[in-house]
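Q: Residues -22 to -1, 1 to 420, numbered by mature numbering (1 follows the signal peptide of the UniProt record, and there is no 0), are exactly what the sequence shown covers, in order. Below: one structure in structure tokens.
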Amino acid sequence: MNIQWRHLALVSALTATTALTAAAPVSAETRGNISIVSYSSSDPSITVEVGESISRVRERFSEAGSVEIGGTASPAVGIKPSPSGGESGAPPQRVPNVAAGSTAGITGIVDFNACRANPDAGVREGKIVSRYDFCRYQTIYSIAVSASGQTLGTISFLQTEVTTGSNGTREVLSSVEITDIRYSGVYTAASQIQTYRAAGTGTNDPECAVSGGTNPYTATAAQLQGNGFLGMNITSPPTVGDGDDKIKVCNIQWFYKIFFPAGTYPTQWLSGGFSTVRFDSASYLPSKQGVVFSELTPTMTMSMSDTRVKGVAQHINQAFTDPGSTLPVKSDNSPKVIPGNARQGSTLSRLYSGANPLAAQAYADNRSAVSRACAPLPHAPLEECDEFPFASTWEGAGVGNGNFSVKYVSATENSNAGYDLANFYSSQRILHNDKFKVLITP
């Protein structure tokens, strides 16, 4: 996927930059004693009047659940933010002045309006919408404060981030839209916002390469008015990473540095938030390369009214809701606890038999245990013995704890269910040892 980023023309539909009050001159005495306080907030409507006490302002942001961003002058790329209060940031490797919103062949959140319409995404940590889609929107505030603790001015903007993985390449597309720029006091239309993009697990990580535009990219508030699109690509070479699947985990961050007019009194690098993607080159998946948000545990859904697979879905539902009625009976007559039920938050772990000798043996044990359990059961012609948990999971019948079920179902439905499971593994990039859940619907 070769995405050519370009700078967008002004788009009048975007929110205009707004001057809240007239610019206030900074005296020579004040210039040497200015400090900057910055916040990331889910509340875009917090107001700060020039001349207010910074202590009162801090209380207001605290009441709104905002996070004070400490920033850093020379951070290391890829440091994960602390969950409590200030963060360690990182100066990014690159940020483009470019267009955004390409789907990369993936369905889901691929535009800024859709992201902002998601109420779960308006938080500091953002929202993993699917294995391939992440979005976040937050308002960044920077407040200039005098030595006496009085506010001199405020600048704020809404950051909307959309990041999209891929099922077919080791490439991520990440885009930001800056809108709702507001300023007061010492901040004016000539104030600059510098944007930097970081990806990696440490400083200058070559296995998480950022490309696609100028980095850092600097523009005034006026220049960003109606033209606040920024985008970039992150790639990882297909031959690098851990294990046979060449797994590489990369941290992604947008950073901002805000200046007074004429490029003076910059903030430190302010982190716009943090997300993590996993690159892989799994040879046993139909698409040999991909990138997902692996922190999301995917769910396979089957419907008991789907004529293609209803017998299998009904069997799994019985295993979940009435395990004591399933066969075989446990040898010690203890209650069965069959894992994988999404409604209970229970998971299964994929077992790829070709991963190593231990996996091959576990898969063979699953198949042997199922064959023994199915052998004495009566069945009609054109039926096959279905098992749950699936043989392609570590929780299968071969574990030896008796927490499994077998039942004869239509051979066609059993085959269809097997096809659907393989397609689920492929479409969600379920690698060896990856966890997933199963949801049975009416």
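C-beta atoms are modelled at their ideal positions from N, C-alpha and C, and glycine is treated no differently.
1. Shortest alpha-carbon distance to residue 356 belongs to which of 306, 338, 196?
2. Helix, strand or coil for residue 399? Go by DSSP, reduced to three states.
3. Let me make sure I understand the geometry here. Which of 321, 41, 120 has the alpha-carbon closest to that of residue 234?
4. Put residue 160 into one of helix, strand or coil per three-state DSSP.
5. Give me, in chain order, the residues of the same chain whose beta-carbon lies closer than 7 angstroms to that of residue 279; leave out the 5 immediate sequence neighbours on both sides.
6. Starting from residue 382, follow the alpha helix (DSSP H) in both directions and report where the run begins and ends.
7. Using C-beta distances below 8 angstroms, list every residue in its chain close to residue 330, excluding the 5 sequence neighbours before and after it, in chain order.
8. Residues in its own chain within less than 6 angstroms of residue 244 by CB, not counting five upstream and five downstream?
9. Flag this pair as touching only if the segment 135 to 155 and the segment 100 to 110 have three or more C-beta atom pairs under 8 angstroms; answer yes or no.
10. Which value, in whole angstroms, describes the spacing of the CA atoms of residue 89 and residue 308?
11. Name, in chain order, the residues that DSSP records as bridge partners for residue 171.
12. Which of helix, strand or coil does DSSP assign to residue 127?
13. Using only the alpha-carbon positions, how far apart do residue 79 and residue 212 sit?
14. Should the segment 116 to 132 be regarded as contacting the segment 15 to 33, the criterion being three or more beta carbon pairs within less than 8 angstroms?
15. Under DSSP, the beta strand (DSSP E) around residue 258 begins and ends at which residues?
16. Verify whether the separation of the beta carbon atoms of residue 387 and residue 365 is less than 8 angstroms.
17. Identify the continuous alpha helix (DSSP H) that holds residue 93 and give its terminal residues.
18. Determine the closest residue to residue 344 out of 378, 315, 332, 39, with distance taken between C-alpha atoms.
19. Quick one: what's got a C-beta closer than 6 angstroms to residue 458's C-beta in the same chain, skipping five residues either side?
A: This is what the structure gives:
1. 306
2. helix
3. 120
4. strand
5. 417, 419
6. No alpha helix (DSSP H) holds residue 382; DSSP gives it neither H nor E.
7. 262, 337, 370, 409, 410
8. 235, 237
9. yes
10. 52 angstroms
11. 197, 236
12. coil
13. Note that residue 79 has pLDDT 30, beneath the 50 cutoff, so the model's placement of it is unreliable and the number below is only indicative. Roughly 15 angstroms between the two C-alpha positions.
14. yes
15. 253 to 258
16. no
17. 90 to 94
18. 378
19. Outside the displayed span of the chain (-22 to 420) sits residue 458, for which this structure offers no information.
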